[in-house]
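Taken in order, these protein sequences are the chains called D and F.
So this note's numbering is basically just the index in the first sequence, starting at one, shifted up by 1.
So this note's numbering is basically just the index in the second sequence, starting at one, shifted up by 1.
2 protein chains.
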Amino acid sequence: MNTTTDKARPKVAELTERLQREYGERAVTSHAIREQHSHGEGLADAGMPDIVVFPRTNEEVASIVRICNASRIPVIAFGVGTSLEGHVAALYGGVCLDLSQMDRVLEVNEADLDCRVQAGVTREALNAELKGTGLFFPIDPGANATIGGMASTRASGTNAVRYGTMRENVLGLTVVTADGRIVHTGGRARKSSAGYDLTRLFVGAEGTLGIITEVQLRLYGLPEAISAAVCQFGDLKGAVDTVIVAMQLGIPVARIELLDDAQMDACIRYSQLDFEPKPTLFFEFHGTEAGVREQAEMIESIAADHGGSRFQWASAQEERSKLWKARHNAYYAVLALAPGMQAFATDACVPISRLTECVLETQADIVETGLIAPIVGHVGDGNFHLVVLFDPAKPEERAKAEGLAARVSARAIRMGGTCTGEHGIGVHKLDALVAEHGDAVSLMQAIKRALDPNDILNPGKTVPK
Amino acid sequence: MNTTTDKARPKVAELTERLQREYGERAVTSHAIREQHSHGEGLADAGMPDIVVFPRTNEEVASIVRICNASRIPVIAFGVGTSLEGHVAALYGGVCLDLSQMDRVLEVNEADLDCRVQAGVTREALNAELKGTGLFFPIDPGANATIGGMASTRASGTNAVRYGTMRENVLGLTVVTADGRIVHTGGRARKSSAGYDLTRLFVGAEGTLGIITEVQLRLYGLPEAISAAVCQFGDLKGAVDTVIVAMQLGIPVARIELLDDAQMDACIRYSQLDFEPKPTLFFEFHGTEAGVREQAEMIESIAADHGGSRFQWASAQEERSKLWKARHNAYYAVLALAPGMQAFATDACVPISRLTECVLETQADIVETGLIAPIVGHVGDGNFHLVVLFDPAKPEERAKAEGLAARVSARAIRMGGTCTGEHGIGVHKLDALVAEHGDAVSLMQAIKRALDPNDILNPGKTVPK
């Protein structure tokens, strides 16, 4: 699977020579660099590109895509490679466009709470650049992903319950089309009814409809007050039910993260946390001093009704950072439980009223499989992950793990939810996409054919042929 | 323009006979009914359909569209006809699908704060149905439009500054495709990364890519406290600058509406309001008792810095209703200024930092034309309208009015904004769409061809051929 078809081979050789001539050291064919660009994180669906090019401008991206289109050679956009669903694997070889040198923040409009960045800017780099402006970009998927990658997978993460996902926070895009034109979608107005919503079409299209090279983003004022709290529960149901009530009351919590007992145990060991290995909620509140106090009091009282402990507060920046770092390291904490094992993440998201049922059924399912698969999630959105461990040396264990993951997707879909809240379809979930969207997939295929008739843009991903 | 091409005539006759046979009294060819369905509000671009059919189910819509597609006959979806950009005019004749009998609220999920409605449900009917649940649907474009029509034009209105537009509040759709299939997009999860965002593609597509027959909507808990206030200013600049500062501080106001002196004068006369004819802001605050108080105090102090009066409060439901009714009747209040005149609305939306400049330049432009064109707007989003009056008996006055409107669009685009914040493109703004989106329009055209290859769905609208 990981080479361009034999027929295209001579063209590929010609292309790599041409790119090396034009881009010099920014066009690399070494095995090490190609290998590094052949996969993301999670289950390693590797696919080696024939060449990795590091463009710096929209025009360079457009020029490369034009050549690839003329020769029917695949083009795969690459950020920092933190995708979890095999998005960056060059399944049919071709050109990997590593956008990491397109890393400039092009403008920050403080008065309008927006900015424009090149696709290769990471979310941490953006927030570092915003320091001193009083503004921040809240979307936080954990990994220090690029803004282009986050837009392409419709990423979200811990803050989405309050600030929305990339869908809500991208105002406009610069996109290179399959035939190598540079187009601009959306704009700087907060709303518009001018024509089809191309911005939302490219957000989440995983590089299969165009290459995102610039992103116009909403920003937010840093809240006057931020505080974080931890609440532990006797059972998982109490924790999830607390979230449901809080959401139904519309309390504008900034983050609500669930960690089950197994995940807490892993995090306590990995990050030296002073908590018990029980089902736990991490909260963060943003607002005015009075607003934060009011939100926290309401939630603490709901939690108490469901067997929650008193809140343990982390108001100082340093304590909060430690807490969220531990949360972000949940995946690595699980991996550290069993050296030599591999892990991958599931990504169910259901209507909030079904969350308890979905989590409890899933937990029983995990027990039945005998696998280690801690639960962690952005439960304010109804989204939770398992980090499923398996021994790569045992094919039957991998099969069991994949069976569990397939049942998690099917369960979420059956409950009116989705097989992926934030990781995307990539190569792993093409079947789940069809199960979830049925005949609507034919419209996605029609759009793919219309915007990329030669199927050069990240082929084999997102929508089945 | 308002008849199907001569070549299609025999087919149209055959079709209307067949539809009358199948739908009986629900298939109407009388002149009066066809005329009523030939236009929306605003500038009357009338186009008579050959027949108006009143389907009741998804299957009936699908069946009619299938027949029309086979015979290449246009199909135009119709809600209650409150569109302002000529969306419902049957420019090439064909079948008008009046969805007013698809008026059932299919389900309300109180625990998940969502509901599913047929496209013909109006927003007022939905809110009446929600009475007693503690929930409401906030999007309020003024007119009692249908949910299907609001989704199709990506409508918003007075509450959008806090609750977003139809773009943010439609979770999923049932859509009849151009070839007469029934597909479901989106779902009930709050977020998803599963495939292309078809929901956002159909929202705002003005019935040119498919016929929306059902809409899954987000709902919100009724706020614990609501209060409204009026603040009057010595000049327009003070009023607009107040809005800008409030938005930059991120104060979560539910509504901020601007009325200039001319608009206030019209509203005072029309709705017997006890205010002065000065530039005025109407505010509404939603939240907890303490939260509402806090928001209001912050804004009153900002307004005072910009020459605003003390707030005049309307906290009782009845007073608030009177206030917002007056605001919603702004258009009719202007019409009442000069009986016999016609009016239409412009719809500029700009980044908030450019709002004062845009409004003041526009006001000077109005003075220069000598026309009556009061300013009213959802200024929290950077969106404002002129209600431009002209004498239909004087072609040169209409030309002058249209010239003013074209300059308003161009000005908004030049300032990084959009020619339409919420009314849509319809037939009037095809040129402005191209001016705003340039080469990206070619992608819209490609999508139109892919999803409606025979150009039967609302032809002549939204995207130029």
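Even glycine gets a Cβ: it sits at the ideal position worked out from N, Cα and C.
Quick caveat: nothing in here was measured; it's all calculated off a predicted structure.
- DSSP places E258 of chain F within a strand segment (E or B) once states are collapsed to three.
- D:H88 is the residue among D:A179, D:H88, D:E437 and D:Q249 whose C-alpha sits nearest the C-alpha of K462 of chain D.
- In summary, the residues of the segment 416-434 of chain F whose CB is separated from some CB of chain D by less than 9 Å are M416, G417, G418, T419, C420, T421, G422, E423, H424, G425, I426, K430, A433 and L434, in the order they occur in the chain.
- For N330 of chain F, no chain D residue has a Cβ inside 8 Å of its Cβ, as the nearest lies near 22 Å away.
- The Cβ neighbour count for S302 of chain F, taken over all protein chains shown within 10 Å, is under 16; the residue is labelled exposed.
- Per the DSSP secondary-structure output, F283 of chain D pairs in a beta bridge with D:V231 and D:E258.
- In this structure, R19 of chain D lies away from F55 of chain D, with their beta-carbon atoms at least 7 Å apart.
- Closer than 7 Å at the C-beta level to chain D, one finds these residues of the segment 295-325 of chain F: E295.
- I148 of chain D carries a helical assignment under DSSP once its states are collapsed to helix, strand and coil.
- Residue environment: A129 of chain F is assigned as exposed (fewer than 16 neighbouring CB atoms within 10 Å of its CB, all protein chains considered).
- Going by DSSP, I77 of chain F is part of the beta strand (DSSP E) stretching over V76 to F79.
- Under DSSP, the beta-bridge partners assigned to H386 of chain D are D:V377.
- DSSP, read as helix, strand or coil, puts E215 of chain D in strand.
- In the structure shown, the three-state DSSP call for I183 of chain F is strand.
- For K395 of chain D, no chain F residue has a Cβ inside 8 Å of its Cβ, as the nearest lies near 30 Å away.
- Sequence-distant partners of D382 of chain F (beyond 5 residues in either direction) whose C-beta falls short of 6 Å from its own C-beta, in its chain, are A161 and V162.
- Closest in alpha carbon position to S228 of chain F, among F:L324, F:G158 and F:T134, is F:L324.
- If you draw a straight line from the Cα of L223 of chain F to the Cα of A112 of chain F, it is about 14 Å long.
- DSSP, read as helix, strand or coil, puts Q264 of chain F in helix.
- Only buried fits T186 of chain D, as 16 or more other CB atoms lie within 10 angstroms of its CB.
- An exposed status is given to T58 of chain F, since fewer than 16 other beta-carbon atoms sit within 10 Å of its beta-carbon.
- Each of D:T159, D:N455 and D:K449 was checked against the Cα of A206 of chain D, and the nearest Cα belongs to D:K449.
- In this structure, DSSP gives I252 of chain F a state outside helix and strand, which the three-state scheme calls coil.
- Cβ atoms of S64 of chain D and L16 of chain D stay farther apart than 8 Å, at about 12 Å.
- The beta carbon of G41 of chain D does not come within 7 Å of any beta carbon belonging to chain F, so the residue lies off that interface.
- Here Q217 of chain F is buried. Its C-beta has 16 or more other C-beta atoms within 10 Å.
- Collapsing the DSSP output to three states places Q273 of chain D in coil.
- Residues G383, M416, G417 and G418 of the same chain have their beta carbon placed closer than 8 Å to that of P352 of chain F, with the five preceding and five following residues left out of the count.
- Within its own chain, the residues whose Cβ lies closer than 6 Å to the Cβ of E285 of chain F, once the five positions on either side in sequence are excluded, are A229, A255 and R256, listed in chain order.
- Cβ contact annotation for T134 of chain D (same chain, cutoff 6 Å, sequence separation greater than five): E111, in chain order.
- Shown here, G239 of chain F sits in a helix according to DSSP, grouped into three states.
- A distance below 6 Å between beta-carbons, with the five flanking residues on each side excluded, links A126 of chain D to no residue of its chain.
- Around the C-beta of S316 of chain D, fewer than 16 other C-beta atoms lie within 10 Å, and the residue is accordingly described as exposed.
- Counting along the chain, R415 of chain F sits inside the alpha helix (DSSP H) bounded by residues P396 to R415.
- Contacts between A447 of chain F and chain D, judged by CB atoms closer than 7 Å, involve A451 and L452 in chain order.
- Residues of the segment 245-257 of chain D with a Cβ closer than 7 Å to any Cβ of chain F, in chain order: Q249, L250 and G251.
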